Ligand code: NZQ
Ligand code: ZN
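Residue numbers (the numbering used here): 5 to 389.
Below you can see the structure in the form of structure tokens.
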């Protein structure tokens with residue numbers, strides 16, 4: 005285990021009926037910008053709950069943030085923040101609205117060109133404080149400082165993070181708001197959280213038994229609770245467990261002191277850029293191939309994953325690993341996510357395009373040991389045709 009500093013300042017307000025608590029979390033004299041997406045919050049009543057809670061605050065709205073939030077839209081909100089002297093931003097939506105909000109919060113006080121925050125990882129020394137009401141459990145954005153922003157005009161999807169400035173001050177996790185999610189979005193959320201854990205856990209032994217067991221606990225909980233949550237939106241017990249698992253999957257706790265992977269995410273982002281496939285769905289395609297192709301590098305952890313997460317105890321080492329990969333593919337399928345490129349009518353032509361985009365982003369060597377080269381990406385995609 006390496007040395008580490010762990011600092012996570014986000015206050016989590018969890019449970020049914022907790023949205024009203026935001027009034028006490030936002031300074032009474034702040035001019036508040038409420039950010040939201042395409043309108044789901046107006047249909048499921050969350051918007052009204054927020055407006056009721058903030059009836060004594062000065063509120064300005066900014067809606068229409070897209071799934072895979074777009075730079076062109078977000079810079080409009082940056083202007084509003086500057087012109088209206090916004091003192092607090094409240095994100096009401098899923099990971100896209102929250103990631104967009106992080107960018108708005110960082111870009112508004114930033115003196116340079118906002119795109120440099122993403123393209124050049126420009127240093128951020130402050131941000132407008134913000135909080136979140138999370139309506140879709142998946143990304144972990146509610147308790148981490150990271151954001152992923154897209155700019156479709158130039159075919160880019162890039163991440164940034166500026167801790168501590170881009171941690172939400174608070175996040176409200178009310179599991180009842182997941183009831184209005186489509187089955188597809190519920191399945192996507194479970195798989196995104198699952199792969200967040202494997203990106204941090206499924207590397208090589210690093211003397212981190214506690215981090216490993218936290219990771220395995222989250223994976224096992226998602227395997228048990230995910231199907232109940234996806235099948236029945238009114239199963240509030242399952243919803244609570246999925247919401248909390250997704251937050252724990254990417255709030256930094258399971259990756260302290262260890263080297264992590266994240267190659268599947270980098271590759272998956274290019275599938276979203278090129279073919280507009282939902283984020284989690286790109287992971288369901290890429291991740292099983294990553295495990296197969298990187299089997300030698302990940303061997304010990306794959307065997308641990310097979311034994312402890314899937315309870316696979318028979319067969320040769322290779323057979324156990326293959327069984328674990330197949331069980332994971334079956335799980336993704338059960339969550340409603342296809343796992344092959346053919347399911348999206350894509351063929352080998354996509355391989356060259358993804359590799360070209362990765363190279364353009366300078367992602368030549370990915371993964372925990374920087375061994376995921378363009379040649380490896382090609383092998384992974386051949387496994388996924
Ligand atoms: O826009 P609205 O109308 O709100 O509809 C959204 C959207 O269409 C809808 N939705 C959200 N909550 C709902 C709801 N519909 C009904 N009822 C509700 N309660 O769901 C659709 C998808 O929302 P989105 O926010 O895009 O999904 P998600 O939370 O999966 O976020 C995906 C984005 O997060 C990034 C992804 O790359 C992608 O851009 N990620 C962010 C990470 C982070 N910040 O740490 C890590 C992740 O790996 C990921 O890369
Ligand atoms: Zn993800």
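The beta-carbon is built from N, C-alpha and C at its ideal position, and this holds for glycine as well. Treat the numbers as computed from the prediction; the structure is a model and nothing was measured.
Practice problem: Report yes if the C-beta of residue 184 is less than 7 Å from at least one heavy atom of ligand 1; otherwise report no. | Solution: Residue 184 Cβ: within cutoff of ligand 1.
Practice problem: Report all residues from its chain with a CB closer than 6 Å to the CB of residue 259; omit the five preceding and five following residues, and keep chain order. | Solution: Only residues of its own chain outside the window of five on either side were considered, and among them 204 have a CB closer than 6 Å to the CB of residue 259, listed in chain order.
Quiz item: Quick one, are the C-beta atoms of residue 300 and residue 193 less than 8 Å apart?
Solution: No Cβ-Cβ contact shorter than 8 Å links residue 300 with residue 193.
Quiz item: Does the stretch 138-145 come close enough to the stretch 153-164 that 3 or more CB-CB pairs lie under 8 Å?
Solution: Short answer: they don't touch.
Exercise. Look at the alpha carbon of residue 15 and the alpha carbon of residue 250, and state the distance between them as a whole number of angstroms.
Key: Cα-Cα distance, rounded: 16 Å.
Quiz item: Going straight from the alpha carbon of residue 130 to that of residue 105, what length do you get?
Solution: Each residue's alpha carbon lies about 14 Å from the other.
Quiz item: Shortest alpha-carbon distance to residue 174 belongs to which of 208, 108 and 102?
Solution: Measuring C-alpha to C-alpha distances from residue 174 to each of 208, 108 and 102 identifies 102 as the nearest.
Quiz prompt | Residue span of the beta strand (DSSP E) that contains residue 262, given as start and end | solution = Careful: residue 262 lies outside any beta strand (DSSP E) and carries neither H nor E.
Quiz prompt | Three-state class that DSSP yields for residue 100 in the structure shown | solution = In the structure shown, residue 100 sits in a helix (DSSP, three-state: H, G or I).
Quiz item: Just how far apart, CA to CA, sit residue 298 and residue 274?
Solution: If you take the alpha carbons of residue 298 and residue 274, they lie about 20 Å apart.
Quiz prompt | Unbroken beta strand (DSSP E) run spanning residue 162, endpoints | solution = For residue 162, the enclosing beta strand (DSSP E) starts and ends at 160-165.
Practice problem: Measure from the alpha carbon of residue 202 to the alpha carbon of each residue in 213, 212 and 219, then state which is nearest. | Solution: The option with the nearest alpha carbon to residue 202 is 219.
Quiz item: Which one of 78, 79, 281 and 109 has the shortest CA to CA distance from residue 90?
Solution: That would be 109, whose Cα lies nearest to the Cα of residue 90.
Quiz item: Who are the near neighbours of residue 168 in its chain, counting only those whose CB is closer than 8 Å to its CB and skipping five residues on each side?
Solution: Same-chain partners within the cutoff: 11, 13 and 149.
Quiz item: Under 8 Å between the Cβ atoms of residue 268 and residue 290?
Solution: Between residue 268 and residue 290, the CB-CB gap stays under 8 Å.
Practice problem: For residue 143, verify whether its CB is less than 7 Å away from any heavy atom of ligand 1. | Solution: Under cutoff, so the answer is yes.
Exercise. Would you decide whether residue 321 is buried or exposed? Buried here means 16 or more other CB atoms lie within 10 Å of its CB.
Key: An exposed status is given to residue 321, since fewer than 16 other beta-carbon atoms sit within 10 Å of its beta-carbon.
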